[in-house]
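Numbering (my numbering), first residue to last: 5 to 181. No residue lacks a Cβ here, since even glycine has one placed at the ideal position from N, Cα and C. All of these numbers come straight from a predicted model, not from anything done at the bench. What follows is one structure encoded as structure tokens, with my remarks underneath.
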Amino acid sequence: MKIEIDLELLEEIDLHPNEYIALHCKHKSITMAESLDLTVNYAFLRIEGWLDEDYELTDKWLNLFAADYDDLFKELIETYPAVVESPNRGRRVLHARDPNAYTNMKAKNRYRKITNEKVAKHKEIIALLKVQLEVDKDSLGYMQKLETWLNNYTWEDYIDINLDKTNKNDGRITRSL
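As structure tokens, then:
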């Protein structure tokens, strides 16, 4: 079995890789090798709220790492504009409204790979999409199709934009980085 580990996130939440692997295996009902299990500090996991008194996963784990992927993609579909008015080309469809539509399958598979079904990554992308929608609210007609937006990691363009410092006094949108 292969597990991808976001070391920056683990450092941010103060969780060691061994503990993360143990929690991941518990969540997926995978038996860990005894040699790995001996290195896990279960008392630490209980004290920090990752496990309850019965050594079951708590909401702290479930809210950060475990979610129904279909719900994550549905939230993306609901947040990302489905149809926009383009100044030169009229109405453009950016994605199907139904998350399970055949035309959304490539985007859905791509989003699964990008987020690795991790709630934290999904929340980051949704937050940056909302920043993009606010910054570009007067020019949504130029938005990319959803699949292109995902392939280009376009949300990353909005990481350092502070909406409070965006200058809108003269009708133009200028960004403060």
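Residue i Cβ short of 7 Å to the ligand GTP heavy atom set
{"i": "I81", "result": "Annotation note on the ligand GTP: not contained in the displayed structure, which lists no ligands."}
Beta-bridge partners of residue i, as assigned by DSSP
{"i": "R95", "result": "E89"}
{"i": "L61", "result": "L55"}
Where the alpha helix (DSSP H) containing residue i begins and where it ends
{"i": "D74", "result": "73-83"}
{"i": "R114", "result": "109-119"}
{"i": "S39", "result": "38-41"}
{"i": "W159", "result": "Note, W159: premise wrong, no alpha helix (DSSP H); not H, not E."}
{"i": "Y24", "result": "21-31"}
{"i": "A105", "result": "Run containing A105: none; DSSP gives neither H nor E here."}
{"i": "L133", "result": "123-139"}
{"i": "E16", "result": "11-17"}
Cα-Cα separation, residue i to residue j
{"i": "A147", "j": "P103", "result": "For the record, residue 147 in the displayed sequence is Met; it is not Ala. When rounded, the distance between both Cα atoms is 19 Å."}
{"i": "E128", "j": "N113", "result": "18 Å"}
{"i": "E138", "j": "A131", "result": "11 Å"}
{"i": "K110", "j": "P91", "result": "27 Å"}
{"i": "I34", "j": "Y157", "result": "32 Å"}
{"i": "A37", "j": "L14", "result": "22 Å"}
{"i": "D140", "j": "E12", "result": "30 Å"}
{"i": "D46", "j": "I7", "result": "Note on residue identity: the sequence assigns Tyr, not Asp, to residue 46. The alpha-carbon atoms of Y46 and I7 are separated by roughly 20 Å."}
{"i": "E29", "j": "N120", "result": "Glu is not the amino acid found at residue 29; the sequence shown has Cys there. In a straight line, the C-alpha of C29 is about 15 Å away from that of N120."}
{"i": "K125", "j": "I81", "result": "16 Å"}
{"i": "I118", "j": "D10", "result": "12 Å"}
{"i": "G145", "j": "L61", "result": "44 Å"}
{"i": "L98", "j": "D58", "result": "47 Å"}
{"i": "T43", "j": "D75", "result": "34 Å"}
{"i": "E79", "j": "T152", "result": "18 Å"}
{"i": "D142", "j": "N155", "result": "24 Å"}
{"i": "L19", "j": "N166", "result": "29 Å"}
{"i": "D164", "j": "I17", "result": "21 Å"}
{"i": "D63", "j": "H31", "result": "12 Å"}
{"i": "N67", "j": "N108", "result": "26 Å"}
For residue j and residue i, believed in contact at Cβ under 8 Å, the rounded distance
{"i": "V87", "j": "R96", "result": "7 Å"}
{"i": "V123", "j": "F69", "result": "6 Å"}
{"i": "T83", "j": "K149", "result": "Not a contact, Cβ separation roughly 15 Å."}
{"i": "W65", "j": "L27", "result": "6 Å"}
{"i": "L136", "j": "Y162", "result": "Before going further, note that residue 136 is Gln rather than Leu in the sequence given. Right, their Cβ atoms sit about 5 Å apart."}
{"i": "Y73", "j": "R116", "result": "6 Å"}
Spell out a yes or no on whether the region 42-58 and the region 18-28 are touching, meaning 3 or more CB-CB pairs, one atom from each, closer than 8 Å.
yes
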